[in-house]
Amino acid sequence: MDRLPRLHQKFDIPVIESPIAIMATTQNPEVAKLLYDYILSKEGQKTLVREYAMPISMNVEVDRGWLNPSDAHARMHTVYYQFLIEERTEIIIRFNKIFSN
Numbered sequence: 000m001d002r003l004p005r006l007h008q009k010f011d012i013p014v015i016e017s018p019i020a021i022m023a024t025t026q027n028p029e030v031a032k033l034l035y036d037y038i039l040s041k042e043g044q045k046t047l048v049r050e051y052a053m054p055i056s057m058n059v060e061v062d063r064g065w066l067n068p069s070d071a072h073a074r075m076h077t078v079y080y081q082f083l084i085e086e087r088t089e090i091i092i093r094f095n096k097i098f099s100n
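Under numbering that gives the first Met the number 0, the first residue of the sequence shown carries the number 0, and numbering increases by one thereafter.
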């Protein structure tokens with residue numbers, strides 16, 4: 000686990016991802032595609048903002064004193080996905096040690 004790079008940059012926004020996907024086993028793929036397209040559309044992105052979610056579209060205005068998406072992205076912590084995949088078991092073991100009785 001010591002392969003994770005030490006960060007010398009200052010980040011102040013944690014990454015909380017909310018991925019969307021269409022499952023291969025879905026019973027209604029056409030409806031799922033419509034929802035997927037809506038969420039990624041400008042209207043869908045506006046709906047997410049109204050519900051306090053950061054849009055991924057750079058063309059959607061945010062209010063409430065939020066950063067625009069590109070500025071927020073620049074300030075987010077880096078996520079090392081390959082490291083997380085490779086070290087998954089060790090991470091879980093260490094997590095359980097820390098948070099167990």
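Glycine included, each C-beta is placed from N, C-alpha and C at the ideal position.
Given the structure is predicted, the values throughout are model-derived calculations rather than measurements.
Three-state class that DSSP yields for residue i in the structure shown
{"i": "I21", "result": "coil"}
{"i": "I38", "result": "helix"}
{"i": "I91", "result": "helix"}
{"i": "I97", "result": "helix"}
{"i": "I12", "result": "strand"}
Residue i to residue j span [Cα, whole Å]
{"i": "F94", "j": "Y51", "result": "30 angstroms"}
{"i": "V14", "j": "F82", "result": "16 angstroms"}
{"i": "L47", "j": "P54", "result": "7 angstroms"}
{"i": "I90", "j": "F98", "result": "12 angstroms"}
{"i": "N27", "j": "N100", "result": "45 angstroms"}
{"i": "A71", "j": "R87", "result": "27 angstroms"}
{"i": "R49", "j": "K41", "result": "12 angstroms"}
{"i": "E85", "j": "Y79", "result": "10 angstroms"}
{"i": "P68", "j": "S56", "result": "7 angstroms"}
{"i": "E16", "j": "L66", "result": "17 angstroms"}
{"i": "E29", "j": "G64", "result": "37 angstroms"}
Residue burial classification, residue i (beta-carbon count within 10 angstroms, cutoff 16)
{"i": "Q111", "result": "Residue numbering for the chain in the displayed model covers 0 to 100; residue 111 lies beyond these limits and cannot be assessed."}
Three or more C-beta pairs below 8 angstroms linking the region 54 to 64 and the region 73 to 93: no
At least three beta-carbon pairs within less than 8 angstroms, the region 15 to 22 to the region 31 to 39: yes
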